[in-house]
Each structure stands twice: as structure tokens, then as C-alpha cells.
Amino acid sequence: MEAVKKVAITLEEFNVISDIFSQAITAELIGMSNFASLAETIDDPHEKMEAVEHANSERMHAEGFMAYAKKAKLKINVNMDSEYWGNVRNQFLSYAHKKDFIACLIIQEVMLESFAVSMYTDVGNALGGEAGELFLNIADEEKEHLEHSSDLLRAELKKDPTAFINKFEELHFNCMTILAEFTATTDLRGHCGVCNGDCMKGSLHHIALDIVNMRGNAMALYARALDNIGIPGEKSVVWIARLPA
Amino acid sequence: MDSTSPCLDFAAIGHQDSWQNITAFVNGMRTPDHERLSSRKIKDIFSFIPPRDLFRVKVKSITGAEINGVYIETFIDPDKLEAQFARANINKVTNAAAHAIKMNTRIATLGGFTSIVLEGNLNSFAPGKTKFTTGNTLTAAYIVKGIEGAAIQLKINLLESDVLIIGATGDIGMACVHYLKNKVKKLLLCARNNQQLEKLAKELAKQNKQVEYSICLPDLISAADVIICVASSTGIKLADCKKNVLICDAGYPKNMDTKIEKNVDCKIFHGGMGQVLGGFNFNPDYSNYIYHYPAPYVIHGCILEAMILAFENKIENYSVGKGNITIDKMEEIYKSGLKHGITIAPFFSAKGLW
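For the record, the sequence lines run as chains A and B. Using the working numbering, the first residue of the first sequence is number 1, and each one after it goes up by one. Using the working numbering, the first residue of the second sequence is number 246, and each one after it goes up by one.
Below, the structure is given as C-alpha cells:
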């Protein structure tokens, strides 16, 4: 990491950067696993291959983060069964087992990608240097996933608006509740199981970030993703208002 | 929602005027199963939310006609209305306007603080079929006609009165000045921009009107028999007023009641407000959380302007720019409203109905 190499960073900065990379690597591995599971739900061979390709893309993101972490000698802790990531994964699997392709797409490509794109962008801008560039490049690639899914989901909404909105609402409360708890100012379910020491949210100021802005930006991107799909604003605002904080 | 969606007659673009209201509103959206959120927690997320439609509005005319509209919330932070936040707020208003266009609304009005965008540049909005209005013409009409009505009720002769207008160089303030200049003894003009104030005062002096002006409120306030406040009340304090002074609080938010010194003997009403005699309803119905008026079907004049234009099928950029409001247009929109049972709200203040 150029930023790490050029500027002597403090222990606090090292710890928070290590935790950010730990979260990002875990998130990418969850994404990889989700896309691999998604591939199982798809019958169309071309779409199946596309899902595998997406899984590979997430694997490459994880590898990119891991390579940088190794170079910068960061302290990495990967835990896919951790409190929040494990729950997100279980939610995804419950729909994958039902071969519910649309539900899987909504969880992975709308909910998780909205948070990934927004938070990677914030982290990338804050870190700068090689590490910052890595986050920003991966955010751009994740953005493509988000846009790709919107086209499919818009078409799905048109087929049966009531059923689609009801399904989306169920997924929102099952999955976004976990992300909302995860990103709340204080961990609402206790330690996340990924950060090395105390929750990193209290240390983000060491790299000029804060969880309120990161969470707000992520929720804003999620809200815009819902708008883009065609979920009525009067619905999405209530869904967001009912999340834990 | 896209251009193929059914057409909505109007959109009201607005913002909440206090965190107290927002907290009640957000908690109103939560079910009893959800923990009540504190203002602090709501502040952490509220102003990040992109503009969106919150509820539909159905309005009835006394002619039997009905129109359908939508309220679009900008999610502007009520504590961040000052100039330093202008860029972020203008972005929010522009995005709300784009949402009104996307929702295929025929005419959209920019309520409260959001009107500053349309007072500046209509071209800042994305192209579309939707027409825009600030609603300032009807707001101004309701203010001055409210003053005339209250003066009759309180036996104040306006021709013998000195009328102070705080915020005189704004769009609504100027409209009030021009409407009242031939109906009062003297105009006392107060605003923050001395250059604009001087220009307006000179123009009035050329027309042989009695006028005094100052950027400093205490210079003028003790002479005023009637006070119209159309400015944001931040930093305003009403002290050393004449006994029985009539005050019209037409700013946003309407909190002049809290700016009046205890020893001031006055009669205050919230100006620029109207009432829909045919009634309206919200869906979903958030009226328990956002409706705080002591009489039914009371609503801001700026929103009513769009409703009246929709009823009249007069779909045009009605109130745009600054300083373009004429007395004829004030009379026109006011009279059009009466045809549909839309009129000045009964006089009320924070203490209730007069």
C-alpha cells in the first residue's frame, strides 16, 4: 500500500485498515459463495454460466484484497460464519434452496452490492493511494452487477407488480435488517466476529471516515436502486423507516 | 413509474420544518413492534434518503371535480436551510423535481424553502412535460388578503397604518409591497440585502409612496401598526412593538410566536395559509403525524396554487423567477380558488384559532 509505505501510519490506522480489509475479503467470499449457489438455482445454461462468471469475479476481488493485505502485512481475519455475514449467507441459502432465482438476485445484487459499492467508494476515497484505487476499481465492477440486476428486476416487476413488491418487502426485512444492525452506530447484535479487536466503527475517524456517513450513503444508494427497479417511493420509505437503527 | 404511468394532476414538493415533526412522522411509519427511534437516530439517516413520493392526495372541489396528486419529500435537514448548505439543498430539490417529472405529474409546486430553486432558474430542471410553480402568487395573495381581513376584524384602518414587511425584497415580500403600496399610510421595509432594499425603496419613492427602509429591524419595528414577516425567522426578535400590533407570520417555519417578547401586546396569525372546503385526504394517511392545524383541510398557499391550476386545467409555469408576481395574477389565482371552494384559512396561531 503506497499510502502505508509513504506515510508512517499509526497503530490505530493499521488496525482499522486491517479490519476494513478483513470485512471486504469476507464480503467478497460471501458474494462468491452466493453466486456459486445462485448458479445452482438457474436452469438456463447461459445464465448459469453467467452466475459462475460472477462468482469468479467476486473471487478475484477477494484475491485482490488478499494480495494487497499480504503486501501491506495487514492483520486479516476472515470469518464467513460470523454474526452478520453468516446470517446474510443463511438468508441467501434459504432462497437458493428453494431455487428462487429472483430472491437470490435481489439479496446479492441489490442489497449486498448497494452496500458494497457505496462503502468501497467511501473507503477508496478516504484511503487514497494503491489501496484506495483497489477499492474504487472493485466498486466500479460491483456497480455493473447492480445495474445488470436492475434491468432483470424491472422486467420481473412488470409481470406481477403486487407479487414482486410483496416478495421484495419480505426480503428487505429478512436481509436489510441484518445489514442495518451490522452498520448501526453500535453493533446491535454484539461483536461482528470479523474485526480483530473492538468494533472498528469507533475507530473509523483515524482514516477520516465515520459510520454515520458510510451507512447513510449506503442506504441512499440502496434507496436509489429500489427507485431504479420501480419500487414506489411510498413503499421504500416505509421499509427503510422500519429498519433497526 | 415512467412516462407510461397514469398522469397525476399535481405534485407538492416540500420539506419538514422541524426534527420534532420528522421524529413523529418516522415513528408513525413504524409499527408498534418496532422500537421508537430517537431524533438522534433519525437524524443519522433521514437527510441521506433521496427525494421520493410519500403519499397520494385526493382533493375535492365544491364543483364536484376531483384531482389526484402526490407529496414528494426532499429530505432536506430542517437545521440546514442556511446559504452554506444551498448547493446540497438545491441538488435535493432538483432531484425531487426530476422525480415529479418521472411520476408524470402535470404540474408541480415547490413548497417552503424549495421554491428558491425556481425563483432562480427554471432551466435547472430536467426537461419533461411537467410544469412548475413556486406557489408564491397565491401565498402572497393569502397574506395580503389575510391582512385586509384581519384589519377589518380588529378595526385597524390600513390607510392610517404603517406596515412593516420583513423580507421585503424576496419574491413574496415584493408582491406584498406592490399590493399594499396604495392601501396603507406608509411602508416600512426590512431585508438583509441593503442594495436591493434601497432599489425597491427608491422605486416606491418615485411613485410618491411613503417608505422607510433598513436592514436593521429595531430601526423600524416601533413605528409599525402591522407587521408581515415573510423571511426565515432565524435571528428575528420582535420587541418594542406598538400596542395591539397585528402580526402576520408568513415565513417558513412559522415560529414567530416564539420570537415575540413577553411584554408585546399583539394579535398574530399564520399567513399564506388556505383551506379546501371540499376537503382532501392522504393515502397512506399520515395526517396524525404531519397535520397540526386547528381547523380541517388547512394547507399552505403554495401547494394550493398547484391544486387550483390543476382544477382549472391551467397547466403552465405559473409563478417562476423573482419579482414577477403582479396584482392581476394574485387576483386571478385567488378568484380561481374561490370557484373550487379554496379560500384563506381561518385566522390561527400556535395558540389555536382566533
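Glycine included, each C-beta is placed from N, C-alpha and C at the ideal position.
- Item | Residues of the region 266-284 of chain B with Cβ closer than 8 Å to any Cβ of chain A, in chain order | 271, 274, 275, 276, 279, 280 and 282
- Expressed to the nearest angstrom, what Euclidean distance is found between the alpha-carbon atoms of residue 242/A and residue 80/A? In the first sequence, counting from the first residue as 1, residue 242/A sits at position 242. In the first sequence, counting from the first residue as 1, residue 80/A sits at position 80. The straight-line gap from Cα to Cα measures roughly 27 Å.
- Query: Taking the alpha carbon of residue 414/B as the point to measure from, which residue in 328/B, 292/B and 476/B has its own alpha carbon closest?
  - Reply: In the second sequence, counting from the first residue as 1, residue 414/B sits at position 169. The candidate whose alpha carbon is nearest that of residue 414/B is 476/B.
- Who are the neighbours of residue 297/B on chain A, taking C-beta pairs under 8 Å? Taking the second sequence and counting its residues from 1, the one referred to as residue 297/B is at position 52. Here the neighbours are 223, 227, 233, 234, 236 and 237.
- For residue 81/A, does the three-state DSSP call read helix, strand or coil? For the purposes of this step, residue 81/A is identified with residue 81 of the first sequence, where counting begins at 1. Correct three-state label for residue 81/A: coil.
- Task: Could you tell me which uninterrupted alpha helix (DSSP H) segments, each at least 4 residues in length, are contained entirely in the region 105-175 of chain A, listed from first to last along the chain?
- Result: Correct list: 113-127, 129-159 and 161-171.
- Message: What are the residues in the region 164-189 of chain A lying within 8 Å of chain B by C-beta distance?
- Response: 185
- Message: Just to confirm, is the Cβ distance from residue 493/B to residue 511/B under 8 Å?
- Response: The sequence position of residue 493/B within the second sequence is 248, counting from 1. The sequence position of residue 511/B within the second sequence is 266, counting from 1. Contact flag unset, no.
- Item | residue 332/B versus residue 363/B: straight-line alpha-carbon distance, rounded | Start at 1 with the first residue of the second sequence, and residue 332/B comes out as number 87. Start at 1 with the first residue of the second sequence, and residue 363/B comes out as number 118. Computed Cα separation, rounded: 14 Å.
- Query: Among the residues of its own chain, which have a CB less than 7 Å from the CB of residue 237/A, if the five just before and after it don't count?
  - Reply: If you number the first sequence from 1, residue 237/A lands on position 237. So the list is empty, once near-sequence residues are dropped.
- Message: Restricting to Cα atoms, I'd like to know which of 461/B, 356/B, 468/B and 293/B is closest to residue 485/B.
- Response: To locate residue 485/B, count along the second sequence from 1; it is residue 240. Comparing alpha carbon positions, the residue from 461/B, 356/B, 468/B and 293/B closest to residue 485/B is 468/B.
- Item | C-alpha distance - residue 128/A paired with residue 83/A, whole-angstrom precision | Within the first sequence, residue 128/A is the residue found at index 128, counting from 1. Within the first sequence, residue 83/A is the residue found at index 83, counting from 1. For residue 128/A and residue 83/A, the distance between alpha carbons rounds to 30 Å.
- What does residue 212/A touch in chain B if you count any residue whose Cβ is under 7 Å from its own? Here residue 212/A refers to the residue found at position 212 when the first sequence is read from its first residue. Under the 7 Å cutoff, chain B gives 289.
- Task: List the residues of chain B whose Cβ lies closer than 8 Å to the Cβ of residue 219/A, in chain order.
- Result: Taking the first residue of the first sequence as 1, we reach residue 219/A at position 219. Chain B residues near residue 219/A: 290, 293 and 294.
- So residue 355/B is in the alpha helix (DSSP H); what residue range does that whole segment cover? Translated into positions along the second sequence, residue 355/B becomes position 110. Per DSSP, residue 355/B belongs to no alpha helix (DSSP H); it is in the beta strand (DSSP E), 350-355.
- Message: Here's a check: name, in chain order, each residue in its chain whose Cβ is nearer than 7 Å to the Cβ of residue 586/B, leaving out the five neighbours to either side.
- Response: Numbered from 1 along the second sequence, position 341 holds the residue referred to as residue 586/B. Closer than 7 Å at the Cβ level, and outside the excluded window around residue 586/B, lie 306, 307, 521, 522 and 523.
- Query: Under 8 Å between the Cβ atoms of residue 78/A and residue 207/A?
  - Reply: For the purposes of this step, residue 78/A is identified with residue 78 of the first sequence, where counting begins at 1. For the purposes of this step, residue 207/A is identified with residue 207 of the first sequence, where counting begins at 1. No, Cβ-Cβ distance for residue 78/A and residue 207/A is not below 8 Å.
- Item | Closest Cα partner of residue 417/B within the set 438/B, 388/B and 435/B | The residue given as residue 417/B occupies position 172 in the second sequence. When each option's Cα is compared against that of residue 417/B, the closest is 388/B.
- Query: Is it buried or exposed for residue 598/B, if we count other Cβ within 10 angstroms and need 16 for buried?
  - Reply: For this step, residue 598/B is matched to residue 353 along the second sequence. Answer is exposed; the Cβ neighbour count stays below 16.
- Query: Is the beta carbon of residue 525/B less than 8 Å from the beta carbon of residue 542/B?
  - Reply: Numbered from its first residue, the second sequence carries residue 525/B at position 280. Numbered from its first residue, the second sequence carries residue 542/B at position 297. For residue 525/B and residue 542/B, yes; Cβs fall inside 8 Å.
- For residue 76/A, which residues in chain B fall below 7 Å Cβ to Cβ? Here residue 76/A corresponds to residue number 76 of the first sequence, with the count starting at 1. Residues of chain B passing the Cβ test: none, with the nearest at roughly 29 Å.
- Query: If you draw a straight line from the C-alpha of residue 277/B to the C-alpha of residue 244/A, how long is it?
  - Reply: If you number the second sequence from 1, residue 277/B lands on position 32. If you number the first sequence from 1, residue 244/A lands on position 244. Computed Cα separation, rounded: 13 Å.
- Would you mind stating whether residue 490/B and residue 471/B have Cβ atoms separated by less than 8 Å? For the purposes of this step, residue 490/B is taken as the residue at position 245 of the second sequence. For the purposes of this step, residue 471/B is taken as the residue at position 226 of the second sequence. Yes, Cβ-Cβ distance for residue 490/B and residue 471/B is below 8 Å.
- Message: Between residue 59/A and chain B, is the shortest Cβ-Cβ distance under 8 Å, so that the two count as touching?
- Response: Numbered from 1 along the first sequence, position 59 holds the residue referred to as residue 59/A. Closer than 8 Å: no.
- Output the boundary residues of the alpha helix (DSSP H) element that contains residue 185/A. What you label residue 185/A is simply residue 185 of the first sequence in a count that begins at 1. Counted as a single uninterrupted DSSP element, the stretch harbouring residue 185/A is not any alpha helix (DSSP H), since DSSP gives it neither H nor E.
- Item | Sequence-distant residues of its chain with Cβ nearer than 8 Å to residue 460/B (five each side left out) | Here the question's residue 460/B lines up with position 215 in the second sequence. Closer than 8 Å at Cβ, skipping near neighbours: 435, 436, 437, 438, 439 and 442.
- Task: Pull out every residue of the region 514-542 of chain B whose Cβ sits closer than 8 Å to any Cβ of chain A, in chain order.
- Result: 529
- Under the assumption that residue 142/A contacts residue 113/A (Cβ atoms under 8 Å), give the Cβ distance between them as a whole number of angstroms. As a first step, residue 142/A is located in the first sequence; it is residue number 142 there, counting from the start. As a first step, residue 113/A is located in the first sequence; it is residue number 113 there, counting from the start. Indeed, because the Cβ distance is near 5 Å, the residues count as touching under 8 Å.
- Message: Suppose contacts are defined by Cβ-Cβ distances below 8 Å. Is residue 353/B in contact with residue 578/B by that definition?
- Response: On the second sequence, position 108 is the one that residue 353/B refers to. On the second sequence, position 333 is the one that residue 578/B refers to. Contact flag unset, no.
- Verify whether the separation of the beta carbon atoms of residue 517/B and residue 545/B is less than 8 Å. Along the second sequence, one-based indexing puts residue 517/B at 272. Along the second sequence, one-based indexing puts residue 545/B at 300. A contact, by the Cβ cut-off of 8 Å.
- Task: Check whether the Cβ atoms of residue 110/A and residue 149/A sit closer than 8 Å, and answer yes or no.
- Result: Translated into the one-based positions of the first sequence, residue 110/A becomes position 110. Translated into the one-based positions of the first sequence, residue 149/A becomes position 149. A contact, by the Cβ cut-off of 8 Å.
- Backbone CA spacing between residue 573/B and residue 559/B [nearest angstrom]: Taking the second sequence and counting its residues from 1, one reaches residue 573/B at position 328. Taking the second sequence and counting its residues from 1, one reaches residue 559/B at position 314. So the two alpha carbons sit approximately 16 Å from each other.
- Query: In three-state DSSP terms, what is residue 293/B?
  - Reply: Looking up residue 293/B in the second sequence gives position 48. Of the three classes helix, strand and coil, the one that applies to residue 293/B here is helix, per DSSP.
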